[in-house]
Amino acid sequence: MLTEEQRVRYSRQLAIPDIGVEGQILLGKSRVMVVGLGGLGSISSYYLAAAGAGSLRIVDNDTVALDNLNRQLLHSTPDLRRPKADSAAEKLRRLNPECRIEPIRALIGQDNGFDLAEGCDLIIDATDNLATRHVLNRISLARRIPLVYGGISGWNGTASTFVPGETCCFACLVRSEDLGTPKTVIPAFGPAAGVIGSIQSTEAVRILLGMRPSLANRLLKFQGNGLRFRVVHVGKDPDCTRCGPSGGE
Ligand SMILES: [Zn+2]
Numbered sequence: 287m288l289t290e291e292q293r294v295r296y297s298r299q300l301a302i303p304d305i306g307v308e309g310q311i312l313l314g315k316s317r318v319m320v321v322g323l324g325g326l327g328s329i330s331s332y333y334l335a336a337a338g339a340g341s342l343r344i345v346d347n348d349t350v351a352l353d354n355l356n357r358q359l360l361h362s363t364p365d366l367r368r369p370k371a372d373s374a375a376e377k378l379r380r381l382n383p384e385c386r387i388e389p390i391r392a393l394i395g396q397d398n399g400f401d402l403a404e405g406c407d408l409i410i411d412a413t414d415n416l417a418t419r420h421v422l423n424r425i426s427l428a429r430r431i432p433l434v435y436g437g438i439s440g441w442n443g444t445a446s447t448f449v450p451g452e453t454c455c456f457a458c459l460v461r462s463e464d465l466g467t468p469k470t471v472i473p474a475f476g477p478a479a480g481v482i483g484s485i486q487s488t489e490a491v492r493i494l495l496g497m498r499p500s501l502a503n504r505l506l507k508f509q510g511n512g513l514r515f516r517v518v519h520v521g522k523d524p525d526c527t528r529c530g531p532s533g534g535e
C-alpha cells in the first residue's frame, strides 16, 4: 500500500499504466548500487531517488573539484573539496527523504566490491575508467546482478545493459586485458552526461519493474553534435574470458 503522501508524490508516474501502484511498490522495495557520482551518477541517482527507489547505495572515493561542475549536477560550488558521496547523499535525501541513501566513500575494487554489491538488485556503472568497469562486470557476473553501463566522451555517449546468463557482458565488448591508457583529461560536454545518465535511469526503472531491458545485447550510441541516436546489435563473444565457456565466473 502507498501512503497518501506517496500517492501525491508519485502521482504522475502512477498514472502510467506500466507502473501504477504495483510498480511503485516494486520500486520502493528496490536497492540499487550507483558507482561513480560524477556526470552520469548525478543524473541517474537523482532520477532514481525521485522515482521512489527504496534504497540507493552510492559509491565514490573522490572529492568535488571545480572542473566537475560543468556536468556533475548533484554538486555545486559550495561543495568544492567535499567528498562526492556526502554531497550527493545530502541532495538525494533533500529530494526524497523516503529513499534510503547509503553513501560509501570508497574506491570500488575486487577487495570490497563483492561485499558492497550484496543485496543489490542492480548496478549502475557511472564510472570513468576501464579498470573499474571491468571490476563491476566481474561483480555483476559473479553475483548475477544486472549492470547498466554508460560512458561519455566529448559530445558523445554510449550505453548498454548486461544481464548475466542472458546477454553479452562488458568484457565481450572491451577485452579485460585492455585497460587503456592511464587517466588523462577526457573532454566532456555536460548534457551528454545528462542524456546517458537519463537513459541509465530509464533502463534501471524498467528492470526494477520486471521488464526486459531495452539495451540487452544492444549498444546505444549518442552523438551530441548533430543529435543522432544509433543502436547497434552486440552479442556474446564466445571467447570472452569472463562470461564465455572458459570464463572465470
Ligand atoms: Zn563476456
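Residue numbers (my numbering): 287 to 535. For each residue, glycine too, the CB sits at the ideal point set by N, CA and C. Predicted model, so just to flag it, every value in this text is computed and none were measured.
Item: Is residue 516 near ligand 1, judged by its Cβ being under 7 Å from some heavy atom?; Value: no
Item: Does DSSP put residue 389 in a helix, a strand or coil?; Value: strand
Item: Within 7 Å: the Cβ of residue 451 and any heavy atom of ligand 1?; Value: no
Item: Comparing the CB of residue 530 with every heavy atom of ligand 1, is any distance shorter than 7 Å?; Value: yes
Item: Can you tell me whether residue 404 is buried or exposed, with buried defined as 16 or more other CB within 10 angstroms of its CB?; Value: exposed
Item: May I ask you to report which of helix, strand or coil DSSP gives residue 377?; Value: helix
Item: Quick check on residue 535: does DSSP put it in helix, strand or coil?; Value: For residue 535, the predicted structure reports a pLDDT of 49, less than 50, and the residue's modelled location is therefore unreliable. The matter cannot be settled from this model.
Item: How big is the Cα-Cα spacing for residue 385 and residue 323?; Value: 17 Å
Item: Among 357, 337, 348 and 452, which residue has its Cα nearest to the Cα of residue 502?; Value: 452
Item: If you measure between the beta carbons of residue 377 and residue 350, is that distance less than 8 Å?; Value: no
Item: Grouping DSSP H, G and I as helix and E and B as strand, with all else coil, what is residue 372?; Value: helix
Item: Three Cβ pairs or more, each shorter than 8 Å: is that satisfied between the segment 311-321 and the segment 348-363?; Value: no
Item: Mind checking whether the beta-carbon of residue 523 lies closer than 7 Å to any heavy atom of ligand 1?; Value: yes
Item: Any heavy atom of ligand 1 inside 7 Å of the beta-carbon of residue 457?; Value: yes
Item: Does DSSP put residue 426 in a helix, a strand or coil?; Value: helix
Item: From 368, 335, 406 and 408, pick the residue whose C-alpha is nearest to that of residue 383; which is it?; Value: 335
Item: Roughly how many angstroms lie between the CA atoms of residue 379 and residue 387, to the nearest whole one?; Value: 7 Å
Item: Measuring only the C-alpha atoms, how far is residue 512 from residue 437?; Value: 18 Å
Item: Quick check: what's the CA-CA separation for residue 535 versus residue 424?; Value: Residue placement at residue 535 cannot be trusted, given a pLDDT of 49 that sits under 50; what the coordinates show is reported in the next sentence. For residue 535 and residue 424, the distance between alpha carbons rounds to 8 Å.
Item: At what residue ranges does the segment 439-500 contain a whole run of the beta strand (DSSP E), taking only runs of 3 or more?; Value: 442-448
Item: Could you tell me the alpha carbon to alpha carbon distance between residue 396 and residue 300, rounded to whole angstroms?; Value: 39 Å
Item: Could you name the residues of the same chain whose beta carbon sits closer than 6 Å to that of residue 341, not counting the 5 residues immediately before and after it, in chain order?; Value: 317 and 386
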